[in-house]
Amino acid sequence: MAYYRSVGAIPPKRHTQHRAADGSLHYEELMGEEGFSSDSSLLYHRAIPSAMVDSRVWRTDEGKPEPNHPLKPFHFKLHELFPGASWRQADPVRDRRVVLANADVRIAYVAAGLPSPLYRNGIGDECVYVESGAGVMESVFGSIEVRQGDYVVIPRATTHRWLPTGDAPLRLYAIEANSHITPAKRYLSKYGQLLEHAPFCERDLRGPVGPLVVEDGSGGDGEDGSDGDVEVYVKHRVGGGVGGTVMVMPSHPFDVVGWDGCLYPYAFNIADYEPITGRIHQPPPAHQVFEGNNFVICNFVPRKVDYHPLSIPVPYYHANVDSDEVMFYCGGDYEARKGSGIGQGSVSLHPGGHTHGPQPGAYERSIGAEFFDELAVMVDTFRPLELAEGARATDDGRYAWSWSGRGPADDRQRDSDEGTTE
């Protein structure tokens, strides 16, 4: 979004000489979107930012996602991906477990206690939600302290790393796009300012503190500089899919003495989202925060609910005609899902083509409620999602039957399943 910032030392005029105290030139880098035709920032490095000395494959071992076929809704228990103290040996980048994916977006989860390596997503922007824990996200733009409830939006190709702090795991719900992620366009003026009807504004956004210049002697003591080599893990496109490369740089990329522009990472805490409410039930677009190509991100926060005298506060039953709906339950008590087994750290998938809504009893039970204490992050996609390794590992195996009360152990259901040849 077009919200100008200037950090550190920059020259008075862009694309002109910018020298260090010893007279050496800094190296200007333009980081811009849409081929010089959209938002950008200018960064000033002490070393050449394009220099590299080696490149090797980063094997992510994610496996291939599988279609949701035969079609059904799912409940995934993401906390099962990192049982016990296993998070202490995990880092926030290399140990992400992909749960759902399509050509537009990948949804992954990690609970981590170790610092990540330097990382760059060359495919698209990332919107990372902090379920719990605390840490620091360091980047070429500076550092952002993160805490529970933060969304951290990181532009494509930003070199950064995650540093968990404290004695609890840093639990991250990562939404990785193949596009840019912006606030909902209807909240923005034609020049990019958040408008009066938006549920948050620029005051709620936290940009990087910096500049962040690593003084580690990168460049090495040997003639080839190998002692100072630095690895950067890069996610990128390979043959129509997702691949990884480790690029080895002769100096640390955190050497930016200053930058300015409208493209940079920022954090926004879900507690600063002001919910839009009404006399009758508000549809999901009223809860939107961000959007990318072929998907949107919404959140459901503690709020006063419908105040028409005959209102039914939980959602009406609805068919996802054009989208798959993914809900990540990250706080409070989600009224519409009571009785389903869903709790903290759960994800539900309601695919296009399936009618869904409140669990049995919740529809009538909600009548008279004045306030919902719930917290959930929703991703709606406009192309079908496939089930990745993290989904297959945490499927509760029974959510699809929770509305009918008749599960796959029923003889007729089992006979039907066994008769399926596809």
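First residue of the sequence shown? That's 1 in the UniProt record's numbering, and the numbers climb one at a time after it.
Idealized CB from N, CA, C, for every residue including glycine.
As the structure is a prediction and not an experimental result, all values here were calculated from the model.
Looking only at its chain, what residues have a beta carbon closer than 8 Å to the beta carbon of residue i, apart from the 5 residues adjacent to it on each side?
i: Tyr-316; result: His-281, Gly-357
i: Arg-303; result: Pro-275, Thr-277, Phe-371, Phe-372
i: Cys-262; result: Met-1, Ala-2, Tyr-3, Tyr-4, Arg-5, Asp-39, Ser-40, Ser-41, Gly-192
i: Glu-29; result: Leu-42, Leu-43, Tyr-44, His-45, Pro-49
i: Asn-299; result: Ile-270, Tyr-273, His-287, Val-289, Leu-375, Ala-376, Val-377, Met-378
i: Asp-260; result: Tyr-4, Arg-5, Ser-6, Val-7, Ile-10, Ser-41, Leu-42
Judging by CA-CA distance, which residue of the options is the nearest neighbour of residue i?
i: Glu-66; options: Tyr-399, Leu-43, Gly-390; result: Gly-390
i: Gly-258; options: Thr-277, Leu-212, Arg-303; result: Leu-212
i: Glu-34; options: Arg-206, Arg-156, Pro-275; result: Arg-156
i: Lys-77; options: Val-110, Ser-55, Met-52, Gly-241; result: Val-110
i: Leu-163; options: Ala-134, Thr-245, Lys-185, Pro-384; result: Ala-134
i: Gly-142; options: Trp-87, Glu-131, Gly-210; result: Gly-210
i: Asp-395; options: Ala-271, Val-99, Cys-201; result: Val-99
i: Gly-331; options: Ala-400, Ala-271, Phe-200, Asp-306; result: Ala-271
i: Asp-61; options: Pro-313, Ala-388, Ser-55; result: Ala-388
i: Val-314; options: Glu-215, Val-242, Lys-64, Pro-360; result: Pro-360
i: Gly-240; options: His-18, Lys-64, Phe-36; result: Lys-64
i: Asn-121; options: Asp-95, Thr-158, Ile-144; result: Thr-158
Between residue i and residue j, which are expected to be in contact by the criterion C-beta below 8 Å, what is the C-beta distance as a whole number of angstroms?
i: Ile-181; j: Val-153; result: 6 Å
i: Ala-103; j: Ser-132; result: Ala-103 to Ser-132, Cβ: 31 Å. No contact.
i: Pro-73; j: Pro-265; result: At roughly 34 Å, the Cβ-Cβ gap does not stay under 8 Å, so Pro-73 and Pro-265 are not in contact.
i: Thr-381; j: Val-146; result: Incorrect: roughly 25 Å between the Cβ atoms, too far for contact.
i: His-79; j: Gly-345; result: 4 Å
Is the separation between the beta-carbon of residue i and that of residue j shorter than 9 Å?
i: Val-140; j: Ser-116; result: no
i: Asn-68; j: Leu-349; result: yes
i: Leu-170; j: Ala-101; result: no
i: Tyr-119; j: His-160; result: yes
i: Val-256; j: Gly-8; result: yes
i: Leu-81; j: Arg-97; result: yes
i: Ala-362; j: Arg-337; result: yes
i: Ala-174; j: Glu-126; result: yes
i: Asp-54; j: Val-242; result: no
Quick one: is residue i buried, meaning 16 or more other Cβ sit within 10 Å of its Cβ, or exposed?
i: residue 432; result: Residue 432 lies beyond the stretch modelled for the chain, which goes from 1 to 422, so this question has no answer here.
i: Asp-322; result: exposed
i: His-75; result: buried
i: Lys-235; result: buried
i: Ala-177; result: buried
i: Glu-325; result: buried
i: Asp-306; result: buried
i: Gly-222; result: The pLDDT assigned to Gly-222 is 35, lower than 50, so where the model puts this residue is not dependable; a value taken from the coordinates is nonetheless given after this. The residue in question, Gly-222, is exposed, as its Cβ has fewer than 16 Cβ neighbours within 10 Å.
i: Ala-85; result: exposed
i: Glu-138; result: buried
i: Phe-36; result: exposed
i: residue 426; result: Outside the displayed range of the chain (1 to 422) lies residue 426, so it cannot be described from this structure.
If you drop the 5 nearest sequence neighbours on each side, which residues of the same chain put their C-beta closer than 7 Å to that of residue i?
i: Asn-269; result: Gly-149, Asp-150
i: Pro-283; result: none
i: Thr-165; result: Ala-134, Gly-135, Val-136
i: Val-301; result: Ile-270, Tyr-273, Pro-275, Leu-375
i: Arg-88; result: Gly-113
i: Gly-207; result: Arg-5, Tyr-264, Tyr-266
i: Lys-13; result: none
i: Asp-204; result: Phe-268, Asp-272
i: Glu-202; result: Tyr-3, Leu-194
i: Tyr-334; result: Ile-342, Glu-374, Ala-376
Apart from the five residues just before and just after residue i, which ones in its own chain have a Cβ nearer than 6 Å to its Cβ?
i: Val-179; result: One detail in the question is off: residue 179 reads as Ser in this sequence, not Val. Here the set comprises Gly-124, Gly-292, Asn-293.
i: residue 423; result: Because the chain here runs from 1 to 422, residue 423 falls outside it and cannot be looked at.
i: Gly-353; result: Leu-71
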